[in-house]
Each structure stands twice: as structure tokens, then as C-alpha cells.
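So the structure is just underneath, and the comments pick up after that.
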Amino acid sequence: LPAWPDSRLCIKDLHFDGVPVRIYLPREPSASKGRGIIFFHGGCGVFGSISKELKEKIICRYIARKSDSVVVSVGYHLAPEHKYPAQSLECLTATVHFLKTAETYGVDPARIIVCGDSVGGTFTASVCQELGHRTDIPKIRAQVLIYPFLQALNFNLPSHQKNAAVAFLSRERTVHYILKYLNKDCSLKEPILAGSHVPEGINLKYRKWINPDLIPDVFKLGYKPPLPALFLPQVHEEVQELFEPWFSPLLAEDAVVCPLPDTCIVTCEHDVLRDDGLLYKKRLEDNNVRVTWHHVEKGFH
Numbered sequence: 001l002p003a004w005p006d007s008r009l010c011i012k013d014l015h016f017d018g019v020p021v022r023i024y025l026p027r028e029p030s031a032s033k034g035r036g037i038i039f040f041h042g043g044c045g046v047f048g049s050i051s052k053e054l055k056e057k058i059i060c061r062y063i064a065r066k067s068d069s070v071v072v073s074v075g076y077h078l079a080p081e082h083k084y085p086a087q088s089l090e091c092l093t094a095t096v097h098f099l100k101t102a103e104t105y106g107v108d109p110a111r112i113i114v115c116g117d118s119v120g121g122t123f124t125a126s127v128c129q130e131l132g133h134r135t136d137i138p139k140i141r142a143q144v145l146i147y148p149f150l151q152a153l154n155f156n157l158p159s160h161q162k163n164a165a166v167a168f169l170s171r172e173r174t175v176h177y178i179l180k181y182l183n184k185d186c187s188l189k190e191p192i193l194a195g196s197h198v199p200e201g202i203n204l205k206y207r208k209w210i211n212p213d214l215i216p217d218v219f220k221l222g223y224k225p226p227l228p229a230l231f232l233p234q235v236h237e238e239v240q241e242l243f244e245p246w247f248s249p250l251l252a253e254d255a256v257v258c259p260l261p262d263t264c265i266v267t268c269e270h271d272v273l274r275d276d277g278l279l280y281k282k283r284l285e286d287n288n289v290r291v292t293w294h295h296v297e298k299g300f301h
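In terms of the UniProt record's numbering, the sequence shown is residues 1 to 301.
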């Protein structure tokens with residue numbers, strides 16, 4: 001659908017190297033090069049749109065007006081029709097294109113941030129990890145992760161227990177959408193929720209990064225450590241994608257995390273994904289990445 005007119009913004013539908021984008025530009029151009037923001041919408045990778053979702057259109061307009069920035073909303077194609085990792089790769093393609101052509105839109109290439117909510121936060125983290133060591137394009141100035149999904153190893157963290165039945169994104173629905181996104185059989189949901197998809201070796205390897213002991217005590221009230229799950233090799237083989245940093249950015253090695261840009265993380269108290277954000281915050285800080293953290297006490301996904 002075409003964008004409705006805006007008195008302060010010029011809104012155009014374009015393609016960046018074949019990827020659909022909607023770009024929001026100030027009608028009154030600045031005398032100097034301005035800021036740029038690349039936005040990846042949420043929707044579990046299976047729904048959402050740059051043109052049909054009222055929320056996304058309002059968010060992008062609001063950001064563009066309030067920050068006096070050029071905003072690029074990326075219309076990555078959805079699963080399962082477009083198989084994983086097409087979504088992440090399209091976000092990467094659009095980001096690289098904008099970094100290379102920013103001045104065309106009145107943007108300083110050194111003042112571009114990448115931002116996303118929910119799975120858009122996943123794509124943001126993945127894109128920034130992928131571009132961290134690139135020397136052929138300008139560096140991303142900062143990343144903003146809004147209640148991001150960042151790991152699929154442990155669905156029994158304190159936030160999963162506390163918010164297991166919260167409306168819209170429950171613990172069970174989270175895994176349901178993961179399987180829909182990857183076009184997997186939904187019969188895998190229960191063993192994944194239990195943790196039966198993760199062999200002991202992988203649990204041990206990543207325990208230093210994904211561990212309820214790393215969550216501050218204030219967020220662990222009422223938490224009960226789950227019983228050890230029986231490992232099911234056939235389930236593990238079916239969901240290998242869950243162990244890729246493209247899908248679970250928390251699994252990236254320290255060498256990938258170290259060069260990441262300044263980061264803003266937003267978490268919500270009543271959100272199953274709260275602890276993903278808390279764990280990534282700690283990882284970034286442990287690797288000397290500057291982090292600004294906003295926690296919404298009454299917020300939900």
C-alpha cells in the first residue's frame with residue numbers, strides 16, 4: 001500500500017539491491033549531512049510489513065520526525081515462503097547498500113544506526129556482527145535492540161518462567177513461531193521447550209554466556225531451576241539452525257562481539273525475551289562495548 005501523505009516527511013518506496021524499502025526523508029533538507037536510521041520490523045519473521053502494518057508506519061514516522069533523521073524501513077520477505085536465512089541476508093544487503101549510498105539521501109555515512117524490535121532486533125544484532133570486521137564500508141555508529149530475541153538454547157530462563165503465559169508472546173508461542181519461521185514440524189515444540197534439543201557439550205560450551213546465574217537477582221524472584229532434560233538426538237538434528245549465530249546472536253564468539261558499535265538495549269519486565277536482552281547486555285559490557293540499557297517495568301512484548 002502507498003504511504004499516506006505527511007506534511008513534514010517525503011516518503012518513497014524503493015529497492016536497495018532488490019530488497020524493498022520504504023524511506024522517510026525530511027521535506028526540508030538540512031544544510032549539512034544528517035543522521036540515518038535503518039529499521040527492521042518485528043513479526044517473528046512470518047508477518048509484518050513496511051506498508052500494511054500501522055505500528056511500523058507510525059514508529060518510522062515518529063523516529064524520523066523526533067530525531068530529524070532519514071529512516072529506512074526494510075521490507076524483507078517473509079518465511080516460510082522465503083526460507084531462512086533470506087530475511088537476515090536481505091537486511092544485510094539493504095544495510096550495506098544504504099551505508100554505501102547514504103550521501104545520496106543527505107546522510108552522513110558515519111552517523112547511521114541500525115534498529116529493530118523483536119526479531120528485527122535479532123536481525124540488527126546479526127547484521128552488526130557480520131559487518132563488524134568489514135573495512136570496505138563505513139562503520140555502523142550504533143545499534144538499538146528493542147526486546148530482541150537472541151538465543152534458542154534455553155527457554156527456561158527466569159523471564160520464560162515468569163512470563164510463560166503472558167498474552168501475545170507466551171513461552172509456548174515463542175517456540176511455535178520459531179518453528180513456523182524455520183518451516184519445521186510443530187511437534188518439535190515440547191522437546192525444545194524442555195531443552196531436549198541441546199546436547200551436553202553445547203550446553204557446557206555456552207553456559208558461560210547463557211545461564212540463569214548471569215541474571216541479576218532482582219529478576220530471579222520465584223525462579224526454580226528446571227530438571228535436566230533428556231537429550232533427543234533426532235530433535236537436535238532437525239533444528240541445527242538454532243545453533244547458528246545468524247539465528248542466535250548470543251552464540252557469537254568474543255572476537256565477533258568485541259568490535260560491535262555502541263548499543264542501546266530495551267527490555268520489558270513482562271516479556272519472555274527479557275533475559276535475552278539482559279544476557280546480551282552483559283556480553284557486550286564484558287567485551288568493552290558501550291551499552292545504554294532501558295528497562296520498562298510495566299512493559300510487555
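All C-beta atoms, glycine included, are put in the ideal place defined by N, C-alpha and C.
- Taking E241 as the centre and dropping the five residues before and after it, the same chain places the C-beta of Y84, L182, F247 closer than 7 Å to its C-beta, in chain order.
- For G34, the enclosing beta strand (DSSP E) has its first and last residue at 34-40.
- Annotation for E172: A164, K189, L193 place their beta carbon closer than 8 Å to its own, counting only its chain and skipping 5 residues before and after.
- With respect to the C-alpha of D262, the residue from P109, A142, Q151 having the closest C-alpha is A142.
- When Cβ pairs closer than 8 Å are counted between the two stretches, the stretch 136-153 is seen to touch the stretch 107-117, the count reaching three or more.
- V71 has its alpha-carbon roughly 7 Å from the corresponding atom of L25.
- Contact fails between the stretch 127-137 and the stretch 48-59, because fewer than three Cβ pairs, one in each stretch, are under 8 Å apart.
- Check the Cα spacing between L157 and each of R290, A255, T101, R207: the tightest is with R207.
- Counted as a single uninterrupted DSSP element, the beta strand (DSSP E) harbouring Y24 occupies residues 19-26.
- For F16, the three-state secondary structure derived from DSSP is strand.
- By the beta-carbon neighbour count (other beta carbons within 10 angstroms, threshold 16), E56 is buried.
- F300: member of the beta strand (DSSP E) spanning 291-300, first to last residue.
- If you look at T263, you'll find it isn't in any alpha helix (DSSP H); it sits in the beta strand (DSSP E) that goes 262-270.
- Within the same chain, K33 come within 6 Å of D108 by CB-CB distance, once the 5 residues on both sides are set aside.
- Scanning the UniProt domain "Alpha/beta hydrolase fold-3" (37-191) for uninterrupted alpha helix (DSSP H) segments of 4 residues or longer gives 54-67, 86-101, 119-131, 158-162, 171-181, listed from N- to C-terminal end.
- Judged by their CB atoms, H197 and V235 are nearer to each other than the 8 Å cut-off.
- CA-to-CA, the gap between Y76 and A31 works out to about 32 Å.
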